[in-house]
Amino acid sequence: MFRANAAFREIDGVPSEILASSLYKGECFACPPLQELQEFKVILSTYMSSFRLHNEGIPAGHFSHIFMLDASSAAEPEAMVALANLANENTAVIVTGSLGNHPGWVRSNIARKNGLIISYFKRLRERNPYDILDSNYITKLAD
Numbered sequence: 506m507f508r509a510n511a512a513f514r515e516i517d518g519v520p521s522e523i524l525a526s527s528l529y530k531g532e533c534f535a536c537p538p539l540q541e542l543q544e545f546k547v548i549l550s551t552y553m554s555s556f557r558l559h560n561e562g563i564p565a566g567h568f569s570h571i572f573m574l575d576a577s578s579a580a581e582p583e584a585m586v587a588l589a590n591l592a593n594e595n596t597a598v599i600v601t602g603s604l605g606n607h608p609g610w611v612r613s614n615i616a617r618k619n620g621l622i623i624s625y626f627k628r629l630r631e632r633n634p635y636d637i638l639d640s641n642y643i644t645k646l647a648d
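Sequential numbering of the sequence shown, starting at 506, is according to my numbering.
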């Protein structure tokens, strides 16, 4: 298992359990070379740090599954980083979230004006087939 961290994340803020599966070189977090990355069965990352995997050469479709945990707390453009770079038609994407959660502040006026202030989770939930809770597409675990 590998944990991709933001390059300049403060090492003091990383729990030892996570640090053990991270690569820290010099004064920043790094990614292993492509060949080593491809050997990991599980890679954990934030939405934004997932671009580092793509930059190292991981192609779209490499992962059979992408789990987007708490996608209701991330603005839609953030969530798209992993999908745009790492998913293809053969990738199963599992999106989790809570209707009560909302993404943080979106700085871009253009993004806000064009509706990118909501989460990917919320946008999916407002569209068919997810809005009718069809069990072929969505499972509601709690009210």
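Using N, Cα and C, we set each Cβ at its ideal position, and we do this for glycine too.
Are residue i and residue j touching if we call contact CB-CB under 7 Å?
| i | j | result |
| --- | --- | --- |
| Phe626 | Ile599 | no |
| Glu561 | Cys536 | yes |
| Leu558 | Pro582 | no |
| Tyr552 | Ala512 | no |
| Ala579 | Ser624 | yes |
| Val586 | Phe556 | yes |
| Thr601 | Leu629 | no |
| Phe507 | Ile548 | yes |
Please report the residue range of the alpha helix (DSSP H) in which residue i lies.
| i | result |
| --- | --- |
| His607 | Counting along the chain, His607 falls outside any alpha helix (DSSP H), and DSSP gives it neither H nor E. |
| Met506 | Element bounds for Met506: n/a, residue is neither H nor E. |
| Ala584 | Glu581 to Leu591 |
| Phe626 | Tyr625 to Arg630 |
Specify the secondary structure class of residue i as computed by DSSP and reduced to three states.
| i | result |
| --- | --- |
| Phe556 | helix |
| Val611 | coil |
| Phe545 | coil |
| Tyr529 | strand |
| Ala597 | strand |
Could you give the distance in angstroms between the alpha-carbon of residue i and the alpha-carbon of residue j?
| i | j | result |
| --- | --- | --- |
| Ile523 | Ala576 | 21 Å |
| Asn510 | Pro538 | 15 Å |
| Cys533 | Ala597 | 32 Å |
| Ile637 | Glu631 | 9 Å |
| Ala616 | Gly605 | 22 Å |
| His570 | Ser613 | 30 Å |
| Ala525 | Pro608 | 29 Å |
Taking 7 Å as the CB-CB limit, is residue i close to chain C?
| i | result |
| --- | --- |
| Glu583 | Protein chain content of the structure displayed is limited to a single chain, and chain C is not contained in it. |
Mind reading off the beta-carbon distance from residue i to residue j? Whole number of angstroms is fine, and I expect it under 8 Å.
| i | j | result |
| --- | --- | --- |
| His567 | Leu528 | In fact, because the Cβ distance is near 18 Å, the residues do not count as touching under 8 Å. |
Could you give the residue range of the beta strand (DSSP E) that holds residue i?
| i | result |
| --- | --- |
| Leu524 | Where Leu524 is concerned, there is no enclosing beta strand (DSSP E), although the alpha helix (DSSP H) it sits in stretches over Ser521 to Leu524. |
| Cys536 | It is not in any beta strand (DSSP E) - Cys536 carries neither H nor E in the DSSP assignment. |
| Phe513 | Here Phe513 belongs to no beta strand (DSSP E), and DSSP marks it neither H nor E. |
| His570 | His570 to Met573 |
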